[in-house]
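Chemist:
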Amino acid sequence: MFGHILRMPTDTPAHQALDFALIGCNRYSSRKGRHCKNLLSLLRTDLKERESPGSKMEGTSSNCDKVVVQHKFNPWDFDRTEVLVKNVAQYVNFDMDSRRPKTLPDWVRERYAHLTSRPRPTTVNVFEMPACSTPFVHSIRVPASHIDWNRHVGQQYYYSYCFDCAALGARNGMYSTVRGDIFRHNVREISVLYQREALEGDLLTVESWEDEGKPGTLKFQVKKGSDGIVQMAIAFNTHSESKL
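If you count by full-length UniProt numbering, then the sequence shown holds residues 1 to 244, one letter each, in order.
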C-alpha cells in the first residue's frame with residue numbers, strides 16, 4: 001500500500017485543493033501522462049533531480065521496502081517563494097508480474113543508506129469505520145476514460161470519486177459539520193491510501209462518514225464488493241468559507 005498526505009499551510013479553497021491533489025498524483029507521470037514511472041526509475045536518478053521546476057525537496061527517508069519523499073509545491077502560476085502545499089508521499093517498490101510489493105534491490109539500499117537514519121515523516125495509516133457510524137454511500141461504475149496505461153483506474157480519479165461523494169452527502173445534509181456546497185469550504189489536509197486496484201467496468205461504492213474526533217474531517221472508503229480499494233480523509237475548515 002502507498003499513499004500521500006497533502007497539507008495546505010493556509011486554508012485552501014476546496015476546488016484548488018483538488019487541483020493540488022491531481023498535481024501530486026501526476027508529478028512523476030510521463031510527458032503524455034500515459035505511463036507512471038515506477039519507484040526504481042525514480043531512484044535511478046538522484047531524487048532532487050527528479051523534482052520538477054516549481055517544487056522544492058524538503059527531506060526523504062527510506063527503509064528496506066519503502067521510500068518516503070517530502071516536498072513542497074510552488075505551481076508555476078504562483079509566487080515561487082510561497083509554499084502552497086506540502087506533500088508527503090510514500091512509494092513502494094512494486095512487482096508488475098505478481099502485482100505485489102517487493103523488497104528494494106541492494107543497489108538502492110547502498111545508494112540511499114544515509115536516509116535510514118533520518119526520522120520518517122508521518123504517513124497515512126489504515127483506519128476503520130466506527131461501529132456506531134452510518135455511512136453515506138455513493139456508487140460509481142468505472143468508465144473506460146478512467147483507465148490508465150496499466151489498465152487500472154488512474155489514481156487521480158479516486159479524488160474525484162471522494163469529492164463527488166462529499167458533495168452529494170453535504171448537499172443532502174448527511175454530515176453534521178460539513179454542509180451545503182463543499183466547494184465554498186476551505187481544505188486543510190487531504191490524505192489518501194491506495195490499497196488495491198480497480199478495473200474498467202467495476203462497480204465501486206464510496207462510503208463516507210465524519211471523524212467524530214476531528215470536526216470537519218470526512219473519511220472515505222472506496223470498495224469493490226467487500227474489498228477496500230482506497231481510503232481517503234479530507235479535513236475541511238467549516239468555520240470559514242472560501243470567497244472564490
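Idealized CB from N, CA, C, for every residue including glycine.
1. Quick check: what's the CA-CA separation for residue 209 versus residue 167?
2. Can we say the region 193-212 touches the region 221-234, given the rule of at least three CB pairs closer than 8 angstroms?
3. Can you tell me which of 226, 3, 200 puts its alpha carbon nearest to the alpha carbon of residue 147?
4. Excluding the 5 residues preceding and the 5 following residue 216 in the sequence, name in chain order all residues of the same chain whose CB lies nearer than 7 angstroms to its CB.
5. So the alpha helix (DSSP H) residue 155 belongs to, where does it begin and stop?
6. So for residue 231, helix, strand or coil by DSSP?
7. Measuring alpha carbon to alpha carbon, tell me which of 184, 14, 88, 129 ends up nearest residue 7.
8. Rounded to the nearest angstrom, how far is the Cβ of residue 175 from that of residue 169, given a contact under 8 angstroms?
9. Quick check on residue 129: does DSSP put it in helix, strand or coil?
10. Following the continuous alpha helix (DSSP H) through residue 109, name the residue where it begins and the one where it ends.
11. Terminal residues of the continuous beta strand (DSSP E) containing residue 209?
12. Please list, in chain order, all residues of the same chain as residue 144 whose beta carbon is under 7 angstroms from its beta carbon, the five residues on each side excluded.
13. Excluding five sequence neighbours on each side, which residues of the same chain lie with their C-beta closer than 8 angstroms to the C-beta of residue 180?
14. Leaving out five residues before and five after residue 140 in sequence, what residues of the same chain have Cβ atoms less than 6 angstroms from its Cβ?
15. May I ask you to report which of helix, strand or coil DSSP gives residue 148?
16. So, helix, strand or coil for residue 199, using DSSP?
17. Would you decide whether residue 136 is buried or exposed? Buried here means 16 or more other CB atoms lie within 10 Å of its CB.
18. Kindly give me the distance between the Cβ atoms of residue 123 and residue 90, rounded to whole angstroms, as I take these residues to be in contact under 8 angstroms.
19. Go ahead and label residue 126 buried or exposed: buried means 16 or more other beta carbons lie within 10 angstroms of its beta carbon, across all protein chains shown.
20. Taking the C-alpha atoms as reference points, what is the distance between residue 228 and residue 158?
Modeler: For this structure:
1. 13 angstroms
2. yes
3. 200
4. 177, 178, 235, 236, 237, 238
5. 155-171
6. strand
7. 88
8. 6 angstroms
9. coil
10. 106-111
11. 203-210
12. 200
13. 170, 171
14. 161, 204
15. coil
16. coil
17. buried
18. 5 angstroms
19. exposed
20. 13 angstroms
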